[in-house]
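Input: a single structure, listed below in structure tokens.
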Amino acid sequence: MTLWDWGIPSPVSVLQLKNLSTKIIASGAIRNGMDISKALILGADLAGMAGHIIKFAGMGYQPLLEEMQMIIEELKAVMFLTASKNIESIQKKKYIVQGPLKEWLSQI
């Protein structure tokens, strides 16, 4: 637990890099379609979620497939609720930053 909060949170990293002319892959604490949508809205081009997916891969093909399908459906639901027809359109959505992330950003 000593180093539990070590490092820069993924959303802060994405926000710091989003104006560079490079692709951004957000990873770390991404566990569902909502987390993927948040990463995309903040400026990521892709999202990685190995830690979460490895648990399901260890259970076998069917649990992994079901979890991946759930993640896709969650992302589709967020896209529907934000009137986003594709990834490019969700990346253009406005967002509000609050809580610990807002505090982090105020220190930069």
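For the record, in the sequence shown the residue sitting at position 22 is 21 according to numbering that gives the first Met the number 0, with numbers rising by one throughout. Here a beta-carbon is modelled for each residue, glycine too, at the ideal position from N, C-alpha and C. Small disclaimer: the values here were computed from a predicted structure and weren't measured.
When the Cα atoms are used, what is the spatial distance from residue i to residue j?
{"i": "E124", "j": "V96", "result": "With the chain running from 0 to 107 in the structure shown, residue 124 is simply not present."}
{"i": "P10", "j": "M33", "result": "13 Å"}
{"i": "Y94", "j": "A38", "result": "11 Å"}
{"i": "Y60", "j": "L16", "result": "35 Å"}
{"i": "N85", "j": "M78", "result": "8 Å"}
With a threshold of 8 Å on Cβ separation, who are the neighbours of residue i within its own chain once the five nearest residues in sequence on each side are excluded?
{"i": "A28", "result": "P8, S9 and D34"}
{"i": "K75", "result": "G32"}
Residue i lies in the beta strand (DSSP E); which residues open and close that run?
{"i": "L19", "result": "Careful: L19 lies outside any beta strand (DSSP E) and carries neither H nor E."}
{"i": "A25", "result": "I24 to S26"}
{"i": "A46", "result": "L45 to G47"}
Just reading off the alpha helix (DSSP H) that residue i is part of, what are its end residues?
{"i": "G98", "result": "G98 to S105"}
4 or more residues per run - each alpha helix (DSSP H) lying fully within the region 52 to 87:
60 to 80
Count the CB pairs spanning the region 80 to 95 and the region 49 to 64 that are closer than 8 Å, and state whether there are at least three.
no
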